[in-house]
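Report on the structure given below.
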Amino acid sequence: MATAELAGKHLVLGLTGGVACYKIAELTRLLIKAGATVQVVMTDAATQFITPVTMQALSGRPVYTSQWDARVPNNMAHIDLSREADAIVIAPASTDFIAKLSHGMADDLLSTLCVARDCPLLVVPAMNRQMWQNPATQRNVAQVRADGIDVLGPDSGPQACGETGDGRMLEPEAIYEAIASFFTPKILSGRRVLLTAGPTFEPLDPVRGITNRSSGKMGFALARAAQQAGADVLLIAGPVALDTPWGVYREDVQTAQQMHDAVMRAAADYDIFIGVAAVADWRVDHVAEHKIKKTADRALPSFNFVENPDILASVAKMPFPPYCVGFAAESGDLDVHGEEKRVRKNVPLLIGNLGPLTFGQDDNEVVLFEASGATKLPRADKQALARTLIAEIAKRVPNTSLIK
Ligand code: C5P
Numbered sequence: 038m039a040t041a042e043l044a045g046k047h048l049v050l051g052l053t054g055g056v057a058c059y060k061i062a063e064l065t066r067l068l069i070k071a072g073a074t075v076q077v078v079m080t081d082a083a084t085q086f087i088t089p090v091t092m093q094a095l096s097g098r099p100v101y102t103s104q105w106d107a108r109v110p111n112n113m114a115h116i117d118l119s120r121e122a123d124a125i126v127i128a129p130a131s132t133d134f135i136a137k138l139s140h141g142m143a144d145d146l147l148s149t150l151c152v153a154r155d156c157p158l159l160v161v162p163a164m165n166r167q168m169w170q171n172p173a174t175q176r177n178v179a180q181v182r183a184d185g186i187d188v189l190g191p192d193s194g195p196q197a198c199g200e201t202g203d204g205r206m207l208e209p210e211a212i213y214e215a216i217a218s219f220f221t222p223k224i225l226s227g228r229r230v231l232l233t234a235g236p237t238f239e240p241l242d243p244v245r246g247i248t249n250r251s252s253g254k255m256g257f258a259l260a261r262a263a264q265q266a267g268a269d270v271l272l273i274a275g276p277v278a279l280d281t282p283w284g285v286y287r288e289d290v291q292t293a294q295q296m297h298d299a300v301m302r303a304a305a306d307y308d309i310f311i312g313v314a315a316v317a318d319w320r321v322d323h324v325a326e327h328k329i330k331k332t333a334d335r336a337l338p339s340f341n342f343v344e345n346p347d348i349l350a351s352v353a354k355m356p357f358p359p360y361c362v363g364f365a366a367e368s369g370d371l372d373v374h375g376e377e378k379r380v381r382k383n384v385p386l387l388i389g390n391l392g393p394l395t396f397g398q399d400d401n402e403v404v405l406f407e408a409s410g411a412t413k414l415p416r417a418d419k420q421a422l423a424r425t426l427i428a429e430i431a432k433r434v435p436n437t438s439l440i441k
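The opening residue of the sequence shown carries number 38 in this note's numbering; numbering runs sequentially from there.
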């Protein structure tokens, strides 16, 4: 998550009665860290599970719990609070609160400001599996959806009551991702984006191999930004230690050949291909079946290398290729090598890293190479840069690819 992803956004965060309230402390922290301002409103029941003091400390604002709060000059907290908000998020949303929403009831501050709102409303259910499955709850959830309210989750799994099933609240990170996605313009709506990310691993024997220092962070950030921009995203990842971005399909591979095969199986169905992976250029022609042993005469092992397929060039050579974007990490003369590489790989856009030290770092500085010239982008953290790059790519993708 980037530092200022939600800068300028004001959220009313409504807590209703449920043990999942404790997780909203973490959600509040994530929202504040991303630059949002958060006004917490709690029902009476919610205050039984977590104190307004905790929520005030985390949000940095006094918490509202009553519709008769004298702090609001005109005593119309339900109007004032909802008018300032870019969105209202109810988490956890109890069975009772969803029932109230579905009927437009307004008997406390939180339900009243939901009815009085003129901004989007997102609800995050949290309840026991039987309560979730209850036909009345299902009717109410269908009704709030039909009223244009976004319902996030619920998740499935072990519940606080000891039972297991549907009804668990989404984890704070997932709620955060859904909120960030909600605020992202859907500039890639209807598009299908295929990406590669991370290094590849080329085995020498069953325990050893050759790899590189690519962390996968840039490719994963681009996959996340594309998904949040409304695209269907398939991420083909080499060996990395990163969580799959929310809503992204992921296929794990090890070697360049496996990455090539996975990409070529999928590419015809995609509008955009972004090759971010640091693919090994060579592999050994024969992988030893058993671990290579030291010999008595201490002879050094020797290997014959063969070239790996160039995945990006293979996709660009397809009869009807997706819009292809390459990446290049150069240790010098980027201006010359960047454009030369773009032409050699026959891609419309190549993104050059301004230094090999980007591997594993959280920020990056890049230059866009295309037929019309080169454009340098300011240094930024990889999440923010990913959003900028996705916007740049979206501007360039021909409309015709929509009919693929
Ligand atoms: O030639 P170089 O490795 O510098 O090219 C980098 C670009 O080409 C990246 O987009 C990378 O993902 C892609 N590439 C590839 N298959 C290879 C080597 C590189 O797709 N075998």
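Even for Gly, the Cβ is constructed at its ideal location relative to N, Cα and C.
- At the C-beta level, Ala-128 and Ile-61 come within 9 Å of one another.
- A distance of 9 Å or more separates the beta carbons of Ile-388 and Ile-309.
- Under DSSP, Ala-234 shares a beta bridge with Ala-274.
- For the pair Leu-232 and Val-313, the CB atoms are nearer than the 9 Å cut-off.
- If you check the CB distance, Ala-83 and Gly-45 do not come in under 9 Å.
- If you ignore the 5 residues before and after Gln-265, its C-beta comes within less than 6 Å of the C-beta of Ser-218, Thr-221, all in its own chain and listed in chain order.
- Under the DSSP assignment, Thr-425 falls in the alpha helix (DSSP H) whose first and last residues are 419 to 433.
- Arg-120 and Asp-155 do touch by the CB rule: their CB atoms are close to 7 Å apart, below 8 Å.
- Inclusion of Asn-345 and Val-384 in the CB contact set at 9 Å is not warranted, their separation being larger than that value.
- Judged by DSSP secondary structure, Gln-76 falls within the beta strand (DSSP E) whose first and last residues are 74 to 79.
- At the C-beta level, Thr-74 and Thr-102 stay beyond 9 Å of one another.
- The residue from Ile-212, Leu-138, Leu-147 with its alpha-carbon nearest to that of Ala-183 is Leu-138.
- At a cut-off of 8 Å, the beta-carbon of Phe-220 does not count as near ligand 1: no heavy atom of the ligand is closer than that.
- For Gly-185, the shortest C-beta to heavy atom distance toward ligand 1 is 8 Å or greater.
- Residue side-chain check: Thr-412 keeps its Cβ at 8 Å or more from all non-hydrogen atoms of ligand 1.
- Using a 10 angstroms sphere on the CB of Gln-420, the tally of other CB atoms reaches 16 or more, which defines it as buried.
- Here Asn-165 is buried. Its C-beta has 16 or more other C-beta atoms within 10 Å.
- The beta-carbon distance between Tyr-286 and Val-270, rounded to whole angstroms, is 7 Å. This is short enough to meet the 8 Å contact definition.
- Following the DSSP letters along the chain, one finds Glu-121 inside the alpha helix (DSSP H) bounded by residues 114 to 121.
- Per DSSP, the beta-bridge partners of Lys-413 are Val-404.
- Residues Gly-246, Ile-247, Thr-248, Thr-292, Ala-293, Ala-317, Trp-319, Arg-320, Val-321, Asn-345 of the same chain have their beta carbon placed closer than 8 Å to that of Glu-239, with the five preceding and five following residues left out of the count.
- Counting the other Cβ atoms within 10 Å of the Cβ of Gln-170 gives fewer than 16, which makes it exposed.
- The C-alpha of Val-178 is placed about 11 Å away from the C-alpha of Gly-185.
- Excluding sequence positions up to five before and after Gly-284, its CB lies within less than 6 Å of the CB of Gln-264, all in the same chain and listed in chain order.
- By the neighbour-count definition (other C-beta atoms within 10 Å, threshold 16), Asn-112 is an exposed residue.
- A direct Cα-to-Cα measurement between Leu-189 and Leu-158 gives close to 11 Å.
- Its Cα nearest to that of Leu-43, the residue Gly-72 stands out among Arg-261, Asp-370, Gly-72, Glu-214.
- Taking non-hydrogen atoms of ligand 1 into account, the C-beta of Asn-177 is found less than 8 Å away from none of them.
- For Trp-319, the enclosing beta strand (DSSP E) begins and ends at 319 to 321.
- Counting every other CB atom within 10 Å of its CB across the protein chains shown gives Val-380 a total below 16, marking it as exposed.
- Ala-136 and Met-206 have their C-alpha atoms spaced approximately 17 Å apart.
- Shown here for Thr-91: same chain residues with a beta carbon closer than 7 Å to its own, the five before and five after excluded, namely Ala-62 in chain order.
- With 16 or more other Cβ atoms from the protein chains shown falling within 10 Å of its own Cβ, Ile-87 counts as buried.
- Within the DSSP secondary-structure output, Asn-390 pairs in a beta bridge with Ala-366, Val-403.
- Thr-132: member of the alpha helix (DSSP H) spanning 132 to 140, first to last residue.
- Per DSSP, Gly-312 is one residue of the beta strand (DSSP E) stretching across 309 to 312.
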